[in-house]
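Sequences listed follow chains A and B, in order.
The first sequence begins at 1 in my numbering and counts up one residue at a time.
The second sequence begins at 1001 in my numbering and counts up one residue at a time.
In this text, a Cβ means the ideal position worked out from N, Cα and C, and glycines have one as well.
These notes concern the structure reproduced below.
There are 2 protein chains.
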Amino acid sequence: GIPDATVARLPVYHRVLVSLSAAGVQTVSSEALAAKCGVSSAKFRKDLSYLGSYGTRGVGYDVSYLTYHISRELGSSQPWGVVIVGVGNLGRALISYRGFTSRGFAIVGLVDNHPDVVGESLSASELASAADLTIRPLVDLEAIVGDTKAQIGVIATPADCAQGVCDRLVAAGIRSILNFAPVVLEVPDGVEVRKVDLAVELQILAFHEQRRGYE
Amino acid sequence: GIPDATVARLPVYHRVLVSLSAAGVQTVSSEALAAKCGVSSAKFRKDLSYLGSYGTRGVGYDVSYLTYHISRELGSSQPWGVVIVGVGNLGRALISYRGFTSRGFAIVGLVDNHPDVVGESLSASELASAADLTIRPLVDLEAIVGDTKAQIGVIATPADCAQGVCDRLVAAGIRSILNFAPVVLEVPDGVEVRKVDLAVELQILAFHEQRRGYE
Ligand SMILES: NC(=O)c1ccc[n+]([C@@H]2O[C@H](COP(=O)([O-])OP(=O)(O)OC[C@H]3O[C@@H](n4cnc5c(N)ncnc54)[C@H](O)[C@@H]3O)[C@@H](O)[C@H]2O)c1
Ligand SMILES: NC(=O)c1ccc[n+]([C@@H]2O[C@H](COP(=O)([O-])OP(=O)(O)OC[C@H]3O[C@@H](n4cnc5c(N)ncnc54)[C@H](O)[C@@H]3O)[C@@H](O)[C@H]2O)c1
Chain A
1 GIPDATVARL PVYHRVLVSL SAAGVQTVSS EALAAKCGVS SAKFRKDLSY LGSYGTRGVG
61 YDVSYLTYHI SRELGSSQPW GVVIVGVGNL GRALISYRGF TSRGFAIVGL VDNHPDVVGE
121 SLSASELASA ADLTIRPLVD LEAIVGDTKA QIGVIATPAD CAQGVCDRLV AAGIRSILNF
181 APVVLEVPDG VEVRKVDLAV ELQILAFHEQ RRGYE
Chain B
1001 GIPDATVARL PVYHRVLVSL SAAGVQTVSS EALAAKCGVS SAKFRKDLSY LGSYGTRGVG
1061 YDVSYLTYHI SRELGSSQPW GVVIVGVGNL GRALISYRGF TSRGFAIVGL VDNHPDVVGE
1121 SLSASELASA ADLTIRPLVD LEAIVGDTKA QIGVIATPAD CAQGVCDRLV AAGIRSILNF
1181 APVVLEVPDG VEVRKVDLAV ELQILAFHEQ RRGYE
C-alpha cells in the first residue's frame, strides 16, 4: 500500500495545488511544485507514483488534473466527524488545536464520565466548529455516533477503561480509532487503530543526541 | 542513517533482551525474539543490520552481547533531563504521562509565563520523578537548563512565542527540541527539532477509511 509518510504529505500537495490553480497556473514542473511543498523533487515524484500519477517529462504536471486526482484520493467526504472520549488535559489540548479543523476534521462529540466534567459547554469558537458542544456522559456515546455520523473516535482516557471505550465505539459503527491510552487495543477485522506514543519522539531525539557525542 | 521507525523499536528490543538475560537465556533465535517484540523476524533482522549486528545462522543471537550493543546505541546517559516550556493543557498531559519516565526521561524543569501558573508546585508522585517541581517563569529558563544539565526541550506554548522560546533553549545549550506549536522553527546547525502534528494521524485514518469505501 501507500506509505503513511506519503499519505501525510498529500494534504500539503493538495493545498499548494489549490493555491496554484487559484492563481491561474496551468502546468508546473515537479521541481517547482516540490520546492513549494518543502520536499525534494525525487520524493515528490515518488509520492505521486504511488497514486499512479506521472508528469510529462519536460512539461511537468497539469495543475487542475493533479488537484482533482489528489482530492479524490484524500476523500471528498470532508469534514470528517470526530468524537473525543476523555476530556482531560490531553482531550482539551486536542479540542483547541486549530490543526484539526484546518484539515477538514470537525469535532462533533465530546464524552467523559466524570460528574464535574459532564454538562460543561464548549463554545463554537473554542472548538473552531459550527456549533457549541456539551460534554456528554459515556451512556450517550452510541446516540452521539448515530446522530452525527462520526467516522473517527479518539481515546484520551486512562488506560484501564480504554478497551471498554473502544468496544463501544466499534459497536456504534466507528471503524477508525486514534488511541493515546498506553494499552494495546483489540479490535475486530476492518477496524483500524492508530496508536500515538509521544515518548517515541523523545527516544529518537535522545538517540541522535547520543550519536552527536561521538562526532 | 538509521530510520526513525528502527530507532523507535530499539527500546522495545532492549526491554525484551533485558528480561531474557534476567531469566538466564543465553542465545535466542531471531524468530523468537521478533515474536516477543511484536514484529516480523525480517523486520527485526533488518533493524539490527543497521547497527551492524548479525545473528549466527542456525544459532541466533547472543543475548548478553546484543543487550550491551543496543544499550550502547541508545545511550547510557539516562535519565535524559527534559524541560517543558508551556504548562497548559498539552504540557500537563505530557507531565503526567507515565510513558516518559518509564523510558528514561525525567522532567527536570517546568516553565510558563502566566502569573496564575508560575509558582504552582507539582508533586514528585504526579511527575513520577525524584522531587517536587515548581513551575518557574520564563526568565529562569537559562538557570534551569544550566543547573539541571537538561538535554531536551519541549515547546508546548502558543505559536506566536514558540520561536522566541526555541532561541532561548538553544542559547542555554539545548540541542534537541520537541515542538508542538504549529510553526516551523528556525535553528542553527547542530540543533535537531522534531515536530509533532497529531492532525497527521487523523489524516492517515481518514485516507484509509476513504479507501475502505471502495472495497
Ligand atoms: N500516548 C501519548 O503520547 C500520551 C501523552 C500524554 C497522555 N497520554 C495518555 O492519554 C490519556 C489522557 O491523559 P490526560 O493527561 O488527559 O489525563 P486526564 O486524567 O487529565 O484525563 C482523562 C479524562 O478521561 C476521563 N475518563 C476517565 N474514565 C473515563 C471513561 N470510562 N469514559 C470516558 N471518560 C473517562 C476523565 O474523567 C478525564 O477527564 C492517559 O491515558 C495518558 O496516559 C498519552
Ligand atoms: N502539534 C499537535 O498535534 C498539537 C496538538 C495539540 C496542541 N498543540 C499546540 O500545543 C500548544 C499548546 O496547546 P495547549 O492546548 O496546551 O494550550 P494552552 O493555552 O492550554 O497552554 C499554553 C501554555 O503556554 C503558556 N505560555 C504562553 N506564552 C508563553 C511563553 N512565552 N513562555 C512560556 N509559556 C508560555 C501559557 O501560559 C499556557 O500555560 C499550542 O501551540 C497548540 O497549537 C499542538
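Open item on the list: Counting only Cβ pairs nearer than 9 angstroms, list the residues of chain A close to L1074(B).
Closed with: Q203, A206, F207 and Q210
Task: Segment limits, beta strand (DSSP E) that includes G55(A) - done: First-last for G55(A): undefined, no H or E at that position.
Open item on the list: Can you give me the C-alpha to C-alpha distance between A1022(B) and Y1068(B), rounded to a whole angstrom?
Closed with: 13 angstroms
TODO: Return the first residue and the last residue of the beta strand (DSSP E) that G1153(B) is part of.
DONE: Taken as a continuous stretch (DSSP letters only), the beta strand (DSSP E) holding G1153(B) covers I1152 to I1155.
Task: Residues near G190(A) in its chain [Cβ-Cβ closer than 8 angstroms; skip 5 each side] - done: Once the five neighbours on either side are set aside, the close Cβ partners of G190(A) are R175.
TODO: Decide if P1115(B) is buried, meaning its Cβ has at least 16 other Cβ atoms within 10 Å, or exposed.
DONE: exposed
TODO: Say whether chain B places a C-beta atom closer than 8 angstroms to the C-beta of N113(A).
DONE: no
TODO: Examine the Cβ distances between the region 1075-1091 of chain B and the region 86-106 of chain A and report whether three or more of them are shorter than 8 angstroms.
DONE: At 8 angstroms Cβ cutoff, the stretches touch.
Task: For F180(A), the three-state DSSP class (helix, strand or coil) - done: coil
Task: Start-to-end residues for the beta strand (DSSP E) that takes in A106(A) - done: F105 to D112
Task: Residues of its chain near K195(A), where Cβ-Cβ distance is below 7 angstroms and the 5 sequence neighbours each way are ignored - done: N179
Task: Beta-carbon contacts of F1105(B) that lie in its chain and below 7 angstroms, excluding the five residues immediately before and after - done: P1079, W1080 and V1082
Task: chain B contacts from the region 160-187 of chain A (Cβ-Cβ distance under 9 angstroms) - done: Those residues of the region 160-187 of chain A that come within reach of chain B (Cβ to Cβ, closer than 9 angstroms) are R175, S176, I177, L178, F180, P182 and V184.
Task: V59(A) versus F100(A), L48(A), S40(A) and S29(A), residue with shortest Cα-Cα distance - done: S29(A)
Task: Cβ-Cβ distance between V1085(B) and V1139(B) below 8 angstroms - done: no
TODO: Could you check the C-alpha separation between R146(A) and V165(A) for me, to the nearest Å?
DONE: Note on identity: in this sequence residue 146(A) is Gly, with Arg being the wrong assignment. Their backbone Cα atoms lie some 16 angstroms apart in a straight line.
Task: Check: S125(A) C-beta below 7 angstroms from any heavy atom of ligand 2 - done: Result no, Cβ not under 7 angstroms from ligand 2.
Open item on the list: Out of L1141(B), K1043(B), L1017(B) and Q1026(B), which one is the CA nearest neighbour of T1006(B)?
Closed with: K1043(B)
- [ ] My understanding is that P3(A) touches R103(A), with C-beta atoms under 8 angstroms, so please give their C-beta distance in whole angstroms.
- [x] Between R103(A) and P3(A) the Cβ distance is about 19 angstroms, and since that is not below 8 angstroms, they are no contact.
- [ ] Just tell me which of V170(A), P182(A) and E142(A) has its CA closest to the CA of P158(A).
- [x] P182(A)
Task: L20(A) in three-state terms, based on DSSP - done: helix
Task: Exposure of G1055(B), with buried meaning 16 or more beta-carbon neighbours within 10 Å - done: Classification of G1055(B): buried, given that the 10 Å Cβ count is 16 or more.
TODO: Keeping to the same chain, check which residues put their C-beta closer than 8 angstroms to that of V18(A); ignore five residues upstream and five downstream.
DONE: Cβ neighbours of V18(A) beyond the five flanking positions: T67.
Open item on the list: For a test of the three-state rule: what should DSSP assign to E1215(B), helix, strand or coil?
Closed with: At E1215(B), the pLDDT of 49 sits below 50, so the modelled position is not reliable and the matter cannot be decided from this model.
- [ ] For R1072(B), count neighbouring C-beta atoms within 10 Å of its own C-beta (all shown protein chains included) and say buried if the count is 16 or more, exposed if not.
- [x] exposed
- [ ] For V1012(B), verify whether its CB is less than 7 angstroms away from any heavy atom of ligand 1.
- [x] no
- [ ] Just the chain B side, please: which residues come within less than 9 angstroms of E31(A) by C-beta, in chain order?
- [x] In chain order: nothing, as chain B lies at least about 21 angstroms away.
- [ ] Consider the C-beta atom of P115(A) and the heavy atoms of ligand 1; say whether any pair is separated by less than 7 angstroms.
- [x] no
Task: Contact under 8 angstroms by Cβ, V1111(B) with L1141(B) - done: Using a Cβ distance threshold of 8 angstroms, V1111(B) and L1141(B) count as a contacting pair.
Open item on the list: Quick check on DSSP: helix, strand or coil for E73(A)?
Closed with: E73(A): helix per DSSP, three-state reduction.
TODO: Check each residue of the region 100-130 of chain A: if its Cβ is closer than 7 angstroms to any Cβ of chain B, include it; give the result in chain order.
DONE: F100, R103 and F105
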